[in-house]
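Student: Reminder that position 116 of the sequence shown reads as 116 in my numbering, one-by-one numbering, no gaps.
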Amino acid sequence: MITIDNPGPQIDTSRIAEVEAAIGGKLPASYKDFLLKNNGGRPVPDTIDIDRLPGSPTDIQIFFGIGRGVETSKLSWNIKFARERLPDHRLLPIARDSGGNIFCLGIPGQFSGGIVYCDLTGAEPVIPYEVAPTFEAFLEKIRTWGDA
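Listed below in structure tokens is the structure:
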């Protein structure tokens, strides 16, 4: 079970509808609930294993949110970033690790509803690593460093 430090400002469903319009798809109910409750923030614990990723595990430095104070922690900024950096994928960036790599939610049509990790420090093109089939399963995989 994780807790969230430094959650974002309280939002309502109209703000989530704006995100859905921007990405052209519906968000899973569990992710909507997470945004309504936390609107991003730092998970505690923060370690996650990624199958087939050299150097795994990694951390989750921050979950992105709507209207957060730091520009690079906003969903809107990261949506633009992902469109530029990952033009061949329909992915919604939802978090990043301390190395600047991103965790993304698959938008219907590709990785639908699943979570992938995009190593942005590796070779081009960026290859998404599957992390979890759902947002709930993603949250369940987060663990304390040293626990395996």
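Think of the CB as a built atom: it goes at the ideal place given N, C-alpha and C, for glycine as much as any other residue.
(1) Find the nearest neighbour of alanine 132 within the set Asp46, Asn38, Asp51, judged by alpha-carbon distance.
(2) Can you say whether threonine 3 is buried or exposed, counting buried as having 16 or more other CB atoms within 10 angstroms of its CB?
(3) Exposed or buried, which one is valine 44 when buried takes at least 16 other CB atoms within 10 Å?
(4) Given a cut-off of 7 Å on the beta-carbon distance, is the pair glycine 8 and glycine 65 in contact?
(5) When DSSP labels each residue in this structure, what does lysine 74 get in the three-state scheme?
(6) What did DSSP end up calling glutamine 110 once you bin it into helix, strand or coil?
(7) Report the three-state DSSP secondary structure of arginine 42 (helix, strand or coil).
(8) My output table needs one value for aspartate 59: the three-state DSSP class, helix, strand or coil.
Tutor: Per the coordinate set shown:
(1) For the purposes of this step, residue 132 is identified with residue 132 of the sequence shown, where counting begins at 1. Nearest neighbour of alanine 132 by Cα position, chosen from Asp46, Asn38, Asp51, turns out to be Asp51.
(2) Sequence index remark: in the sequence shown, residue 3 carries index 3 (1-based). Around the beta-carbon of threonine 3, fewer than 16 other beta-carbon atoms lie within 10 Å, marking it exposed.
(3) Sequence index remark: in the sequence shown, residue 44 carries index 44 (1-based). Taking all protein chains in view, the Cβ of valine 44 is surrounded by fewer than 16 other Cβ atoms within 10 Å, so the residue is classified as exposed.
(4) Here residue 8 is taken as the residue at index 8 of the sequence shown, counted from 1. Here residue 65 is taken as the residue at index 65 of the sequence shown, counted from 1. Between glycine 8 and glycine 65, the CB-CB gap stays under 7 Å.
(5) In the sequence shown, the residue the question calls residue 74 occupies position 74. If DSSP states are grouped into helix, strand and coil, lysine 74 belongs with the strands.
(6) Locating residue 110 in the sequence shown gives position 110, where the first residue counts as 1. For glutamine 110, the pLDDT reaches just 45, beneath the cut-off of 50, and the residue's location in the model is therefore unreliable, although a value from the coordinates is still provided. Coil at glutamine 110, not helix or strand.
(7) Taking the sequence shown and counting its residues from 1, the one referred to as residue 42 is at position 42. Correct three-state label for arginine 42: strand.
(8) Here residue 59 corresponds to residue number 59 of the sequence shown, with the count starting at 1. Assignment of aspartate 59 by DSSP, reduced to helix, strand and coil, places it in the strand class.
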